Amino acid sequence: LHLSIRRQRQMCIRDRLMIIHVPNKNTLIIDEFKLKCCIGKKGINSNKKEGDYSTPKGLFSLRKLYFRKDRVGIPNCKMNKKIIKRDMAWCDDPIHKKYNEEIKIHNKQLKESLYRIDHKYDYIISISHNEKKTPGKGSAVFIHLTDDYKPTAGCVTLKKKDFEILLKLIDKKTKIKIG
-16 LHLSIRRQRQ MCIRDRLMII HVPNKNTLII DEFKLKCCIG KKGINSNKKE
34 GDYSTPKGLF SLRKLYFRKD RVGIPNCKMN KKIIKRDMAW CDDPIHKKYN
84 EEIKIHNKQL KESLYRIDHK YDYIISISHN EKKTPGKGSA VFIHLTDDYK
134 PTAGCVTLKK KDFEILLKLI DKKTKIKIG
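Using this note's numbering, the letters of the sequence shown map in sequence onto residues -16 to 162.
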């Protein structure tokens, strides 16, 4: 059978690896879109440390989309996703065994709460930075929302409308290249 050119093109688009590129402190490029973003206050750093206000340089996988169902509904995207609940947090204590992973809130010293009053975490994408959980190498580096493009503690942020464009383009194989 002969596949139509249109069908062949759709298959190529579907099978290609999508890369999100953050070349500098205020630009995120994906496919044909050039979006305004913000990163860590101290810029991009190839030697990220916990609390240094820099965004880690490197090529990372996208792990999971977390979202506030009560605020944004259920996003239509091709990633693993999870609803953010009140007791969800991310461990940022370098000496804890759950360092740099999702946890349930039991101890206020160990966490970055995912359930926030503001809207910055209505959408969060976790990335593969420091998956070996090396103490002090940085935790809770996400792609999430911003209202004002103020520098972050190390995350990459987008306005909601741009984040929703991103969600339509990414899937489980998408990578983010920072720097």
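Here a beta-carbon is modelled for each residue, glycine too, at the ideal position from N, C-alpha and C.
What you are looking at is a predicted structure, and each value in this text was computed from that prediction instead of being measured.
- Within a 10 Å sphere around the beta-carbon of threonine 117 sit fewer than 16 other beta-carbons, which makes this residue exposed.
- For arginine 99, no alpha helix (DSSP H) segment is defined, and its DSSP state is neither H nor E.
- Between isoleucine 27 and threonine 38, the alpha-carbon positions lie close to 5 Å from each other.
- Per DSSP, the beta-bridge partners of valine 5 are Ile161.
- If you ignore the 5 residues before and after lysine 143, its C-beta comes within less than 6 Å of the C-beta of Leu128, all in its own chain and listed in chain order.
- Arginine 46 sits in a strand when the DSSP states are folded into three classes.
- Ranked by how close their Cα comes to the Cα of isoleucine 2, the residues Ile13, Lys8, Asn9 have Ile13 in first place.
- Bridge partners of valine 139 according to DSSP: Ile126.
- Linking glutamate 84 to tyrosine 106 through their CA atoms gives a straight-line distance of about 17 Å.
- Each residue's CA atom was taken as its position, placing methionine 71 and asparagine 30 some 28 Å apart.
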